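Counting in our numbering, the sequence shown runs from 217 upward without gaps.
For glycine and all other residues, C-beta sits at the position ideal for the given N, C-alpha and C.
Because the structure is a prediction, the values reported are computed rather than measured.
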Amino acid sequence: MKSSLAANITDRHQFDMVIDVRSPDEFAEDHIPGAVNYPVLSNEERILVGTMYKQESPFEAKKIGAALIAKRIAHYIEHNFIDKPKNWNPLIYCWRGGKRSGSMTHILRQIGWNAQILDGGYKSYRREVVSKLNSLPKEFKYMVVTGQTGSAKSRILEHLHHLGAQVLDLETIAVHKGSVLGNIPNSPQPSQKMFETQLVLALESFNTSKVVFVEAESRKIGTLHVPDLLLDQMRSSPCIKINATMDARVNYLIDDYAYFIKQPDDLIRTIDFLKELHSKEKLEHWKTLAKESQWPLLVQELLEQHYDALYRRSQNSNYVNYEKATNYNTADLSAKGIDILAKQILMDHHHA
Numbered sequence: 217m218k219s220s221l222a223a224n225i226t227d228r229h230q231f232d233m234v235i236d237v238r239s240p241d242e243f244a245e246d247h248i249p250g251a252v253n254y255p256v257l258s259n260e261e262r263i264l265v266g267t268m269y270k271q272e273s274p275f276e277a278k279k280i281g282a283a284l285i286a287k288r289i290a291h292y293i294e295h296n297f298i299d300k301p302k303n304w305n306p307l308i309y310c311w312r313g314g315k316r317s318g319s320m321t322h323i324l325r326q327i328g329w330n331a332q333i334l335d336g337g338y339k340s341y342r343r344e345v346v347s348k349l350n351s352l353p354k355e356f357k358y359m360v361v362t363g364q365t366g367s368a369k370s371r372i373l374e375h376l377h378h379l380g381a382q383v384l385d386l387e388t389i390a391v392h393k394g395s396v397l398g399n400i401p402n403s404p405q406p407s408q409k410m411f412e413t414q415l416v417l418a419l420e421s422f423n424t425s426k427v428v429f430v431e432a433e434s435r436k437i438g439t440l441h442v443p444d445l446l447l448d449q450m451r452s453s454p455c456i457k458i459n460a461t462m463d464a465r466v467n468y469l470i471d472d473y474a475y476f477i478k479q480p481d482d483l484i485r486t487i488d489f490l491k492e493l494h495s496k497e498k499l500e501h502w503k504t505l506a507k508e509s510q511w512p513l514l515v516q517e518l519l520e521q522h523y524d525a526l527y528r529r530s531q532n533s534n535y536v537n538y539e540k541a542t543n544y545n546t547a548d549l550s551a552k553g554i555d556i557l558a559k560q561i562l563m564d565h566h567h568a
C-alpha cells in the first residue's frame, strides 16, 4: 500500500524541486528531466555497501550505509538546503523508492519541510518512458528528410527548427552523425535510457496538428537504437529528397567534419571501421589521402565508393514512400543555400 508521504510519478511537476539521491553514475545514465543530483552515497560507497550486504552481512552493511547517508544528508542541509523556506516541498527519489530516498525524506520532514518520496522511485519513471515510447510516436504526422550523405540534412533540420517548424533531431539527441564515421570526438553518446528520456521530452513538446520533420535514419545511430514504433512510423511516412551535386556535398562535408581535418589521426583510426566492407588496399589508400590532406579527393571517393551505394540500398528497402519523394535540387549547401532550401521546404510542407 502506498504511503501518504509518497507521490505518483505523474505528480512530479507539482514540487519545488525533484531530488535524485542516487549515485552520480546512476544519475549520469538517466534521470528525471530537471532533477538535481544530491547523492547520499558516492559511486564507490554504493559499491562498498552493496558488496557488504550481499557477501558479508545485511546488518553490518546497513550500519555503514546509514552512517554514510546521515553524514551526506547533514552536509546538504547545512550547505544546500539551509536557505529553503518552511513551505519548500521537494520530491525525492532513488532507485525503487527505498532506503536512500526514505532517509532524506524522513529527515527533511522532521525539520518541517513537506518532503515526499516518489512512489516506486526511478523505476516508476522509467516505466512511464517505456510506455510513452509505445504510444506517443503514433500521435504525429512525420515528413522524412532523405538525401545522400553530405546533403546537409541535419543542417536543414536545424534551419527548419529556427524557422519555427517542429523538428525531431535524432542525431543531435544521440550525439552522433549517424554514419560509421559519425562519432563526434570528445562527445560521448548518452546511454540508451537517457536517449529515450530525451526523445519523450521532445515528442511531448510537439503539437499533434503540425507536421514533425525528421531525418531518415537506420535502426541504429552509433551505439543507440531508435525505438521500434518511432522507426516504423518514420518508415511509413511521406518523404522529401535533397539532391545535391557532388561538389556541393564534398564542400559541405569538409566543413562539417572540420575536426577530422584538424585531427586526421582520428579519421585514420575511424577508416578501419570500414574493414568489413572494403579491401585492406582500399583502406590504406584512403588513409594515405588523409595523411596527405587530400580532403576533396578522399571525401569524393568515400561518397562514391562507400556511402552512396549503402544509401541507395537502405532508403529503397526501408522507406516505402522514398520513390514518391518531392525532390529539392541544389548546387549550394552554404549557409545561404541551406536557408533557401529550408524556407522552400517549410512553405511546401508545413501543413502536410
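Check, Outcome
"Spatial distance of residue 475 from residue 451 (CA atoms)", "32 Å"
"DSSP-derived helix/strand/coil call for residue 306", "strand"
"Cβ separation of residue 362 and residue 560, assumed to be a contact under 8 Å, to the nearest whole Å", "About 16 Å separates the two Cβ atoms, so there is no contact after all."
"Proximity to residue 443 [Cα-Cα], best of 456, 419, 412 and 472", "412"
"Residue 319 versus residue 387 - alpha carbon distance", "40 Å"
"Reduced DSSP secondary structure (H/G/I, E/B, other) of residue 382", "strand"
"Residue 336 versus residue 354: straight-line alpha-carbon distance, rounded", "28 Å"
"Minimum length 4: unbroken alpha helix (DSSP H) runs contained in the region 438-511", "444-451, 462-472, 474-478, 480-487 and 496-507"
"Extent of the continuous alpha helix (DSSP H) to which residue 280 belongs", "274-292"
"Delimiting residues of the beta strand (DSSP E) encompassing residue 429", "428-431"
"Own chain partners of residue 491 with C-beta closer than 7 Å, once the 5 adjacent residues on each side are dropped", "499"
"Coil, strand or helix - residue 390 by DSSP", "helix"
"Meets three-Cβ-pair contact criterion under 8 Å: the region 343-351 and the region 314-331", "no"
"Burial state of residue 246, where buried means 16 or more other Cβ atoms lie within 10 Å", "buried"
"Proximal residues to residue 437 (C-beta, below 7 Å), its chain only, five neighbours per side dropped", "386, 387, 390, 392 and 394"
"Start-to-end residues for the beta strand (DSSP E) that takes in residue 362", "358-363"
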